[in-house]
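Trainee:
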Amino acid sequence: MFNLNEVFIKNGLIVAFVGVGLILWCSDLLSGRLFRNRIPMVAIAILIALVIAYMTGYYTRGKNGIADLAVFSGFTLLGGSMLRDFTIVATAMNADWTEIKKAGRSGFLSLLTGILIAFFTGASIAFIFGYDDAVSMTTIGAGACTFIVGPVTGSALGASSEVITISIATGVVKAIVVTILTPVLAGTIKLNNPATAMVYGGLMGTTSGVAAGLAATNPLLVPYGALSATFSTGLGCLLCPSLFYLILNYFF
Amino acid sequence: MGIPSNVGGVGFAMMLLIIIQSLPSTKKWLLPEVSKGIDFWNKMYIPVVIAMSAVQNAYAAFSSGFIAIMAGIIPVLICFAIIPLLTSKNIRHV
């Protein structure tokens, strides 16, 4: 018997491409007709994708958004970190070395500032809500950096699985908030030049959020923001379980 | 190191590509075919980002409690607020 489901599951990556194509087509219609091109097409497409992820998460209680429906499992491949990192590197084709050298120092400064702000705000919020031991505060603070720094720090320090779950959730919330707010606030913070994009990428740190947020704002700025953001997870994994933990451990 | 992700290798790869295409001596490596290939993956970036958004654990993130939502939102708002401070400094130095 010919089974359509089976064909879809076997050709998962193709189904994912078709799915993304459909989402883009819908957002093109919405962007043109409903919002008269005031909201970028990509921003609408990403928002639709997030809503789909939320709804499928609600019904399946799974971890991978739309990919928890077997027919759409190819989305994990297309949207996984392997292709994400690969295509981000390819965006560097449009980047200008002199722009990066010009903004290099403030980009590095923003990297440190971003991690410091995220970590200590996150740790303070954990403290306010009753997680007053140094290990839990460090883990949740690390989750406020990115959703990779959180679990790495948590497992290095031996945090409880409940706290590690909160830290991952914190990082995912951050990525989504950055994605949605970037095109909205881009005008206010003058995010329209490579230097600001590098500072923004370093401060936000979450590669997923920065990559999607800039794609929705202006694809030409992607390489600059992504460049500084990709160093953030590494720096966070280095600082959170060591220096930052020792600081918190001294006080609590 | 036991870290389940790339910790900066992507950034260095980007710098390498940018340097190669900026220096006159290495620019000739980028034949038109090569550039076209890299440009293809550059454009493929948008579908990848949309697929990535569709597989985020959005439901769990927003239903796992107030701490996660607060700790996810507040630092982002602070960072957005200080972007103008950091960039104006940079312009003054330059």
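Chains as they are written, first to last, in this note's numbering: chain A, 243 to 494; chain B, 44 to 137.
C-beta: ideal position from N, C-alpha, C; glycine also.
Classify ASP375 of chain A as helix, strand or coil using the three-state DSSP reduction.
Mentor: It is coil, neither helix nor strand.
Trainee: Candidates B:LEU128, B:ILE116, B:ALA124, B:LEU59: which alpha carbon is nearest GLY413 of chain A's?
Mentor: For the residues B:LEU128, B:ILE116, B:ALA124, B:LEU59, the minimum Cα distance to GLY413 of chain A belongs to B:ILE116.
Trainee: Does any residue of chain B have a CB that is nearer than 8 Å to the CB of PHE493 of chain A?
Mentor: It does not: the Cβ of PHE493 of chain A has no partner Cβ on chain B nearer than 8 Å.
Trainee: Any Cβ of chain C within less than 8 Å of the Cβ of TYR487 of chain A?
Mentor: You won't find chain C in this structure, because its protein chains are A and B.
Trainee: I'd like to know if LYS416 of chain A contacts chain B, where contact means its C-beta is closer than 8 Å to some C-beta of that chain.
Mentor: Cβ-Cβ to chain B under 8 Å: yes for LYS416 of chain A.
Trainee: Cβ atoms of THR329 of chain A and ASN85 of chain B: under 8 Å apart, would you say?
Mentor: Yes. Within cutoff.
Trainee: Under 8 Å Cβ-Cβ, which residues of chain B neighbour MET335 of chain A?
Mentor: Those are LEU60, GLN64, SER78, ILE81, ASP82, ASN85, listed as they occur along chain B.
Trainee: What does ILE367 of chain A reach in chain B if we use C-beta pairs closer than 8 Å?
Mentor: Result: ILE110, MET113, ALA114, ILE117.
Trainee: If you draw a straight line from the C-alpha of ASN435 of chain A to the C-alpha of VAL92 of chain B, how long is it?
Mentor: One C-alpha to the other measures close to 21 Å.
Trainee: Do ALA428 of chain A and THR459 of chain A come within 8 Å of each other at the CB atom, strictly closer than that value?
Mentor: Against a cut-off of 8 Å, the Cβ pair of ALA428 of chain A and THR459 of chain A comes out as a contact.
Trainee: Contact criterion: CB-CB distance below 8 Å. Does ASN306 of chain A meet it with respect to chain B?
Mentor: At least one chain B Cβ lies under 8 Å of ASN306 of chain A.
Trainee: Excluding the five sequence neighbours on either side, which residues of its own chain have a C-beta within less than 8 Å of the C-beta of CYS391 of chain A, listed in chain order?
Mentor: According to the sequence shown, residue 391 of chain A is Val rather than Cys. Answer for VAL391 of chain A: ALA384, GLY385, GLY413, THR475, GLY478, CYS479, CYS482, listed in chain order.
Trainee: Does chain A have any CB closer than 8 Å to the CB of PRO67 of chain B?
Mentor: No, PRO67 of chain B lies away from the interface with chain A (no Cβ there is under 8 Å from its Cβ).
Trainee: Determine the contact status of ALA360 of chain A and CYS387 of chain A, defining contact as a CB-CB distance below 8 Å.
Mentor: Against a cut-off of 8 Å, the Cβ pair of CYS387 of chain A and ALA360 of chain A comes out as a contact.
Trainee: Let me see if you follow: with CB-CB separation under 8 Å, is PRO90 of chain B close to chain A or not?
Mentor: Chain A, which has a Cβ nearer than 8 Å to the Cβ of PRO90 of chain B, makes this yes.
Trainee: Just the chain A side, please: which residues come within less than 8 Å of LEU129 of chain B by C-beta, in chain order?
Mentor: Neighbours of LEU129 of chain B on chain A, chain order: SER348, LEU351, SER352, THR355, VAL441, LEU445.
Trainee: What residue does the alpha helix (DSSP H) around MET283 of chain A start on, and which one ends it?
Mentor: Taken as a continuous stretch (DSSP letters only), the alpha helix (DSSP H) holding MET283 of chain A covers 283–302.
Trainee: Would a check of beta-carbon distances place ALA453 of chain A closer than 8 Å to chain B?
Mentor: Yes, ALA453 of chain A counts as interfacial toward chain B.
Trainee: Rank A:ILE286, A:VAL405, A:ASP310, A:VAL464 by C-alpha distance to the C-alpha of VAL426 of chain A and give the top, closest one.
Mentor: Out of A:ILE286, A:VAL405, A:ASP310, A:VAL464, A:ILE286 has the C-alpha closest to the C-alpha of VAL426 of chain A.
Trainee: Between the C-alpha atoms of ILE370 of chain A and CYS122 of chain B, what's the straight-line distance to the nearest angstrom?
Mentor: So the alpha carbons of these two residues sit roughly 21 Å apart.
Trainee: Take the Cβ of VAL257 of chain A as the centre, count every other Cβ of all protein chains shown within 10 Å, and call the residue buried at 16 or more, exposed below.
Mentor: Counting Cβ neighbours within 10 Å, VAL257 of chain A comes out buried, since at least 16 surround it.
Trainee: With a floor of 4 residues, list each alpha helix (DSSP H) that falls wholly inside the segment 54–119 of chain B, ordered by position along the chain.
Mentor: 67–70, 75–97, 101–106, all fully within the segment 54–119 of chain B.
Trainee: With a threshold of 6 Å on Cβ separation, who are the neighbours of SER348 of chain A within its own chain once the five nearest residues in sequence on each side are excluded?
Mentor: Around SER348 of chain A: VAL441.
Trainee: Can you name the residues of chain B whose CB is closer than 9 Å to the CB of SER450 of chain A?
Mentor: Correct list: VAL92, MET95, SER96, GLN99.
Trainee: Between the C-alpha atoms of ALA454 of chain A and ILE281 of chain A, what's the straight-line distance to the nearest angstrom?
Mentor: Approximately 14 Å, taken between the alpha carbons.
Trainee: Are ILE61 of chain B and ALA368 of chain A touching if we call contact CB-CB under 8 Å?
Mentor: Against a cut-off of 8 Å, the Cβ pair of ALA368 of chain A and ILE61 of chain B comes out as no contact.
Trainee: Are PRO127 of chain B and ILE357 of chain A close, meaning C-beta to C-beta below 8 Å?
Mentor: The answer is no: Cβ separation not under 8 Å.
Trainee: Determine the direct distance from the alpha carbon of LEU74 of chain B to that of ALA101 of chain B, and round the result to whole angstroms.
Mentor: Cα to Cα, ALA101 of chain B sits roughly 42 Å from LEU74 of chain B.
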